[in-house]
Amino acid sequence: MATEATNNERRVSGLKPTFSVMLPEHLDQVLGIENRSFTVPWSRRAFMFEVTENEFAFYTVAITEEKVVGYAGLWIVLDEAHITNVAVHPDHRGFGYGRALMVELISRAAMLGAYRLTLEVRISNGAARDLYKSLGFVEKGFRRKYYSDNGEDAIIMWLNLRRTDY
Ligand SMILES: CC(C)(COP(=O)(O)OP(=O)(O)OC[C@H]1O[C@@H](n2cnc3c(N)ncnc32)[C@H](O)[C@@H]1OP(=O)(O)O)[C@@H](O)C(=O)NCCC(=O)NCCS
309 MATEATNNER RVSGLKPTFS VMLPEHLDQV LGIENRSFTV PWSRRAFMFE VTENEFAFYT
369 VAITEEKVVG YAGLWIVLDE AHITNVAVHP DHRGFGYGRA LMVELISRAA MLGAYRLTLE
429 VRISNGAARD LYKSLGFVEK GFRRKYYSDN GEDAIIMWLN LRRTDY
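Take the sequence shown: its letter number 49 is residue 357 in our numbering, and every next letter is one higher.
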């Protein structure tokens, strides 16, 4: 009960994150979240490439009380944006940071000229699927046995940015 009260207080007081472009100095914290969030986490080298070399990539971190609580990224390919990852620190889930990160990405994708936004999500990942659906993403197909760790299928989701105001 004590935990619930604290969590409710946090929801109400709404520790609003600030967003920053992901920089190399964020990577220790980002990798801490990545390793706790995914069974096949990206390496430091992969993130470093994304934030220092990939000119088609945009990555953002959400920060509260000077700590990275989550991050998300996308690639822009012509007029399409592909979300590569979204994660929130396990201790900070359920407080709206995942939604805030997605809204930030959607708005950035639109600013960068994308008309459509796509992503893949594990069939078993109910929390992420619910989040994406609540933002207007529509499930439009599968990639069979997409995930190498357990052979799970991916659902492909799309959001048409022309029909949505962000
Ligand atoms: C998916 C994830 C980013 C959501 O982040 P979060 O900060 O906890 O999400 P929010 O608090 O912003 O919740 C947004 C919505 O997500 C959905 N959601 C979040 N947690 C949920 C849960 N445990 N069960 C079902 N739906 C959930 C709800 O639709 C929620 O909306 P609501 O608050 O109006 O009910 C987070 O769970 C995470 O990091 N998971 C591990 C990494 C991952 O799976 N990334 C996605 C890969 S495709």
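For every residue, glycine included, the Cβ atom is placed at its ideal position computed from N, Cα and C.
Given residue i as reference, the closest of the options once Cα atoms are compared
i, options, result
"SER328", "ASP461, LEU413 and LEU427", "LEU413"
"SER456", "ARG430, ASN468 and GLU333", "ARG430"
"TRP383", "HIS397, TYR405, PHE357 and VAL377", "PHE357"
"VAL385", "GLY444, LEU339, PRO325 and ALA422", "ALA422"
"LEU467", "VAL411, ALA435 and VAL396", "VAL411"
"TRP350", "ASN362, ASP387 and ASN393", "ASN393"
"THR360", "PRO332, LYS375 and ASP399", "PRO332"
"THR326", "LYS441, ALA436, PHE346 and GLU374", "GLU374"
"GLU460", "TYR440, LEU439, HIS334 and GLU428", "GLU428"
"ILE391", "PHE403, PRO398, GLY404 and SER415", "SER415"
"THR347", "VAL446, ASN433 and SER442", "ASN433"
"LEU420", "ARG353, PHE450, ASP336 and LEU469", "LEU469"
"ARG451", "LEU439, ALA435 and THR426", "THR426"
Cβ-heavy atom distance, residue i to ligand 2, below 7 Å
i, result
"ALA389", "Ligand 2 is absent from the structure shown, which contains only ligand 1."
Nearest-angstrom beta carbon gap, residue j and residue i [assumed within contact, 8 Å]
i, j, result
"MET465", "LYS448", "7 Å"
"ALA365", "TYR379", "12 Å between Cβ atoms; not a contact."
"ILE341", "ALA395", "5 Å"
"VAL338", "VAL377", "That pair is no contact at about 11 Å."
- Query: Which runs of the beta strand (DSSP E), 3 residues or longer, sit entirely within the stretch 359 to 433?
  - Reply: 365 to 372, 375 to 385, 388 to 396 and 424 to 430
- List in chain order the residues whose CB is within less than 6 Å of at least one heavy atom of ligand 1. SER345, VAL394, ALA395, VAL396, ARG401, GLY402, PHE403, GLY404, TYR405, GLY406, ARG407, VAL429, ASN433, GLY434, ALA435, ALA436, ASP438, LEU439 and SER442
- Scan the stretch 327 to 351 and note each continuous alpha helix (DSSP H) run of 4 residues or more that stays entirely inside, going in chain order. 335 to 345
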